[in-house]
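Let me begin by presenting the structure, written as structure tokens, before commenting on it.
Number of protein chains: 2
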Amino acid sequence: MPLSRLSLIAATLTTALLASTSSQADVDKAIEYRQDALGVMAWQIGPLGDMAQGKIDYDAETFARRAENLAAVAPLPWEGFVEGSLRGDDHGVDTDALADIAEDWEDFESRQQTLIEETATLAELARGDDFAAMRRQVATVADTCKGCHDNYRAE
Amino acid sequence: MPLSRLSLIAATLTTALLASTSSQADVDKAIEYRQDALGVMAWQIGPLGDMAQGKIDYDAETFARRAENLAAVAPLPWEGFVEGSLRGDDHGVDTDALADIAEDWEDFESRQQTLIEETATLAELARGDDFAAMRRQVATVADTCKGCHDNYRAE
């Protein structure tokens, strides 16, 4: 990922701080959007995890493509965390996103940035031929996902 | 978008031809995945359309970022069109994807490739400063979406 894109992302994250939205319908759409984006990430990482764990054979082209897709989508979900869109807020869509996110916004934002960077590293490694390093990096990405889920997602 | 990525995409599309999956649960997940990916695209294109139509002010950074996001996600939904995942097939998730997709697979695949290319063109234009060209290209992308919906999505 070129630096210019990371800069754009950083700018986005800064301005996305629980952005105000104009209606409950907008909040509902934002929740659905972030769930969609996270769903795409889950789908893309699935085979990467399976290859890293030896459940399916490593295929260089598939691995590289999915790693690139994952890195491309990693910056996207976060703009969906708009004001009023967490558990306990008044909206029409179920969400597992805990109210702690608003209280710990800086930590949540820092975890977003870590995920963006770790997936970019995975995509870079996937263009090479060090599969051991790719496997370790898949574990790092998965741990990054899990860290946020453990802290900010309802059981 | 670098040529290498377009080549990867082309390879993916070729091998994705109504790929066999192993269970109804897999089919359901594939339907949800493609709906997620298309939902992300709809979210990203929204403000591009609003800027192109003058409903909101043109903002170069936002326009470029969303155009890049759109181009990054455009190759993703199609692997979710697996065998047995269309209307009339036996699966557990509602879908608007008509059975005609399987009958006209080559046309459907060609439309995917057109969308990938048109969104890549939009992202490229968005890095420049010709807003009139960007507006025209947003219309082209929207028409590409609509063409496929008109043919292959239930009303």
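These protein sequence lines are chains B and H, in that order. Residue 94 in full-length UniProt numbering sits at position 94 of the first sequence, and the numbers go up by one each step. Residue 120 in full-length UniProt numbering sits at position 120 of the second sequence, and the numbers go up by one each step. Cβ coordinates follow ideal geometry from the N, Cα and C atoms, glycine included.
Min CB distance residue i to chain B below 8 Å
{"i": "H:Val-73", "result": "yes"}
{"i": "H:Glu-124", "result": "no"}
{"i": "residue 159 of chain H", "result": "No statement about residue 159 of chain H is possible, as the shown extent of chain H runs from 1 to 155 and does not include it."}
{"i": "H:Leu-76", "result": "yes"}
{"i": "H:Leu-8", "result": "Residue confidence is low: H:Leu-8 scores 44 on pLDDT, short of 50, so the model does not pin down where it sits. Its coordinate-derived value is still stated next. Chain B, which has a Cβ nearer than 8 Å to the Cβ of H:Leu-8, makes this yes."}
{"i": "H:Leu-86", "result": "no"}
{"i": "H:Ala-16", "result": "Any reading at H:Ala-16 must be qualified, since the residue scores a pLDDT of 45, below 50, and its modelled position is unreliable; the value itself is stated next. So, not an interface residue."}
Beta-bridge pairing of residue i - partner residues as DSSP gives them
{"i": "B:Arg-153", "result": "B:Ala-97"}
Residue i at chain H interface by Cβ criterion, 8 Å
{"i": "B:Trp-43", "result": "yes"}
{"i": "B:Leu-3", "result": "In this prediction, B:Leu-3 scores a pLDDT of 41, lower than 50, which makes its location untrustworthy; no coordinate-derived value is stated."}
{"i": "B:Asn-69", "result": "yes"}
{"i": "B:Val-40", "result": "yes"}
{"i": "B:Thr-12", "result": "Low per-residue confidence applies at B:Thr-12: pLDDT is 47, beneath 50, and the placement is therefore not dependable, though the value from the model is reported in the following sentence. Chain H contact via Cβ: present."}
Whole-Å CB distance - residue i paired with residue j, under 8 Å assumed
{"i": "B:Thr-144", "j": "B:Thr-114", "result": "6 Å"}
{"i": "H:Ala-42", "j": "H:Ala-139", "result": "With a Cβ gap of about 16 Å, H:Ala-42 and H:Ala-139 do not count as contacting."}
{"i": "B:Gln-44", "j": "B:Gly-92", "result": "That pair is no contact at about 28 Å."}
{"i": "B:Met-134", "j": "B:Ala-126", "result": "6 Å"}
{"i": "B:Leu-48", "j": "B:Phe-63", "result": "6 Å"}
{"i": "H:Ala-99", "j": "H:Gly-88", "result": "5 Å"}
Residues in the segment 20-38 of chain H having any Cβ partner in chain B nearer than 7 Å: Glu-32, Tyr-33, Asp-36, Ala-37
Any 3 or more C-beta pairs closer than 8 Å across the segment 30-43 of chain B and the segment 74-94 of chain B: yes
Any 3 or more C-beta pairs closer than 8 Å across the segment 114-123 of chain H and the segment 50-60 of chain H: no
Contact the segment 144-152 of chain B vs the segment 43-56 of chain H: 3+ CB pairs below 8 Å: no
contact_flag[the segment 66-74 of chain B, the segment 100-111 of chain H] where n(CB pairs < 8 Å) is 3 or more: No, the segment 66-74 of chain B is not in contact with the segment 100-111 of chain H.
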